[in-house]
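All letters in the first sequence, in the order written, are residues 131 to 608 by the numbering used here. For each residue, glycine too, the CB sits at the ideal point set by N, CA and C. A quick note: this is a predicted structure, and the numbers were derived from the prediction, not measured. One structure below.
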Amino acid sequence: MALMLYDTLRRQEVAFVPAEPGRVGMYVCGPTVQGDAHVGHGRAAVVFDVLRRHLAASGLAVRFVQNVTDIDDKIILRARREGVDHAVISTRYARAFERTMELLGVLPPDVRPLATGHLLEMQALITTLIAADKAYAVEGDVFFRVRAFPTYGALSNRRIDELVEGADVVDRDRKEDPLDFALWKSAKPDEPSWPSPWGPGRPGWHIECSAMAATHLGAGFDIHGGGLDLVFPHHENEIAQHEAAHGTTFARHWVHNGMVQMGDAKMSKSVGNVVGLAEAVEAVGRGPLRLWYLSAHHRSPLTFDDERLDDARAVFGRFVTFVRAARRAAAGAARDGVAGATHRDAFTAAMDDDLNAPVAVSVLHQLITDADGPLKAAAKGDQAAQGAVAELADTLVTLGDDVLGLGIAEVLDRASALEQRIAPLVDGELELRAQARAAKDFAAADAIRDRLAAAGVVVEDTAAGAVWYAAEALRPAT
RNA sequence: GGCGGGGUGGCCAAGUGGUAAGGCAGGGGACUGCAAAUCCCCGAUCACGGGUUCGAUUCCCGUCCCCGCCUCCA
């Protein structure tokens with residue numbers, strides 16, 4: 131493969147070469163489970179899911195790790211408000227997250243580590259940092275000494291001295307330098323806490339990713355992903371923590387996805403303009419929603435609005451319609467093994483070009499256009515054409531489902547199950563309609579068609595007679 | 001203020017130093033009893049002003065506008 135990937139740290143596209151041939155280790159920052167995921171979270175999920183699928187389709191064995199941050203200020207606040215244990219909150223939303231990811235067609239990670247399950251690893255890292263004089267403990271808190279890490283700011287392209295003004299003012303009186311950030315936070319009264327060499331407390335946010343990524347993938351793993359809004363300070367701190375402690379490279383490629391916009395502002399909980407991800411999947415459907423996510427380059431901003439979602443619905447509909455028609459025309463013929471090759475190559479080339487999904491999707495459109503001739507011939511019984519059509523349809527499903535995760539086959543299967551149940555009924559109606567048409571009684575024929583349409587059955591007349599499908603099963607409630 | 005990313009046909013969106021993929025919407029046509037589906041045809045000179053060049057949408061400078069990060073955040 132010849133994947134070129136934009137690397138945030140180097141600020142350019144670079145050839146992606148795994149540290150170990152044939153294998154890829156990937157870490158993507160997961161949710162802080164303090165509430166329901168929104169459409170913005172879905173973008174990161176889909177972008178990295180597609181990257182992962184493309185790597186796998188390229189023949190690489192991918193190990194995908196995504197953490198769950200199950201302890202933080204907001205979780206504690208929510209638990210307090212509801213009068214329950216923090217684990218009630220984190221478990222509730224972690225489960226909801228998993229369910230929603232499944233609905234979105236996002237493959238589950240190979241490892242989904244919990245922050246609270248890696249406290250010893252974090253403490254070991256902190257201990258190392260203190261021993262190296264890169265961190266210091268103050269009354270139960272531990273802070274990272276930012277100025278002791280000379281390359282701090284490399285990822286986000288910032289100079290330390292320019293950061294001072296906006297530095298976090300929390301705990302300013304206890305820090306040596308306002309830039310320093312917490313590795314371990316001492317417990318305040320009534321807060322959940324865990325024992326540590328520095329007293330009871332809980333980990334800072336950034337330390338978990340440094341510890342868990344290294345634990346589950348090893349230092350110097352291939353790809354670290356996350357939203358562009360995590361570049362500073364989260365990812366910057368992850369690098370600092372690991373590299374200051376071990377002196378080795380933490381992650382080899384940094385990939386970041388752009389933000390989802392609502393109107394002219396970023397979709398964000400703090401802005402208060404979020405749309406729930408679960409609701410969006412239900413309303414739009416997995417395939418259309420993913421096509422919308424993939425309608426722009428992964429680093430560009432992407433606007434959530436009805437018009438663009440309608441576009442995505444239309445595209446998904448076109449894909450499904452084509453596959454359905456192709457499967458019928460192919461009549462079970464074996465795929466010929468050649469017809470889709472150029473499209474497959476073009477698709478792969480697009481994905482290899484920094485995950486150029488808009489172009490990859492355009493290849494799928496081209497495939498459908500190119501399939502028109504064979505499709506018409508196949509419908510007339512041309513066997514060679516049937517083999518080509520079978521090949522093209524399977525190619526579209528493979529690329530669209532295996533790599534982009536659209537779920538085309540799934541939608542057709544669901545429709546098919548319904549169609550089989552109602553077939554005797556519909557076929558009877560269509561028999562009557564055929565008789566009416568033969569007798570030129572079009573009013574009667576159209577009445578039957580309208581009746582079926584009202585029941586969610588769409589009838590189309592072709593050279594080979596009427597065909598039909600259950601439109602209801604195609605609706606978004608995936 | 002600092003850093004970064006953008007302004008391409010009605011909408012979305014690729015892309016390239018040699019006159020701009022694809023999709024959606026719209027119009028016309030083929031097909032159809034009518035539809036549906038599908039196919040074919042039709043539309044942009046790339047924010048603005050300079051510059052470099054034989055030639056720039058693509059490179060450089062400037063201007064205007066938009067967005068993100070700089071605090072929790074996918």
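Simplified DSSP state of residue i, which is helix, strand or coil
i: ASN387; result: strand
i: HIS168; result: strand
i: HIS354; result: strand
i: ARG448; result: helix
i: VAL411; result: helix
i: GLU306; result: coil
i: THR608; result: Annotation note: pLDDT 42 at THR608 (below 50); position unreliable, coordinate value reported separately. Coil at THR608, not helix or strand.
i: LYS204; result: helix
i: ALA381; result: strand
i: VAL527; result: helix
i: GLY517; result: helix
i: LEU432; result: strand
i: ALA395; result: strand
i: LEU360; result: helix
i: VAL214; result: coil
i: LEU534; result: coil
i: PHE279; result: coil
i: ASP301; result: coil
i: MET401; result: Looking at the sequence itself, residue 401 is Val, so the reference to Met does not match. It is coil, neither helix nor strand.
i: ALA349; result: coil
i: ALA284; result: coil
i: ALA426; result: coil
i: PRO148; result: coil
i: PRO504; result: helix
Status (buried if at least 16 other CB within 10 Å, exposed otherwise) for residue i
i: LEU360; result: buried
i: PHE106; result: The requested residue 106 does not occur in the structure, where the chain is confined to residues 131 to 608.
i: THR199; result: buried
i: LYS264; result: buried
i: LEU249; result: buried
i: LEU139; result: buried
i: ASN387; result: buried
i: ALA410; result: buried
i: VAL163; result: buried
i: LYS315; result: buried
i: ASN197; result: buried
i: THR230; result: buried
i: ASN287; result: exposed
i: ALA487; result: buried
i: PRO280; result: exposed
i: THR608; result: In this prediction, THR608 scores a pLDDT of 42, lower than 50, which makes its location untrustworthy; no coordinate-derived value is stated.
i: THR525; result: buried
i: ASP305; result: Note on identity: in this sequence residue 305 is Lys, with Asp being the wrong assignment. Its Cβ being crowded by 16 or more others within 10 Å, LYS305 is buried.
i: ASP310; result: buried
i: LEU185; result: buried
i: ASP137; result: buried
i: SER220; result: buried
i: GLU212; result: exposed
i: GLN371; result: buried
Span of the beta strand (DSSP E), counted from its first residue to its last, around residue i
i: MET156; result: 153-158
i: ALA370; result: It is not in any beta strand (DSSP E) - ALA370 instead sits in the alpha helix (DSSP H) that spans 366-376.
i: ASP591; result: 587-592
i: ALA577; result: Per DSSP, ALA577 belongs to no beta strand (DSSP E); it is in the alpha helix (DSSP H), 572-584.
i: GLY595; result: 595-600
i: LEU135; result: 134-137
i: ALA145; result: 142-145
DSSP bridge partner residues for residue i (one or two, in chain order)
i: MET342; result: DSSP lists no partner for MET342.
i: ALA191; result: ARG153
i: ARG332; result: LYS315
i: PHE273; result: TYR266, ALA312
i: ALA90; result: In this structure the chain extends from 131 to 608, so residue 90 is not present and cannot be described.
i: ALA209; result: DSSP, once it has assigned bridges, lists no residue as partnering ALA209.
i: THR199; result: THR162
i: GLY406; result: HIS168
Element boundaries [alpha helix (DSSP H), containing residue i]
i: ARG563; result: 538-568
i: GLU321; result: First-last for GLU321: undefined, no H or E at that position.
i: ARG420; result: 416-423
i: LEU293; result: 290-293
| message | Quick check for students: name the residue ranges of the beta strand (DSSP E) that lie wholly in the region 216-271, counting only runs of 3 or more. | response | If we require 3 residues or more, the beta strand (DSSP E) runs fully inside the region 216-271 come out as 265-268.
| query | Can you list the beta strand (DSSP E) stretches of 3 or more residues lying completely in the region 456-500, in chain order? | reply | With a minimum length of 3 residues, no continuous beta strand (DSSP E) run stays inside the region 456-500.
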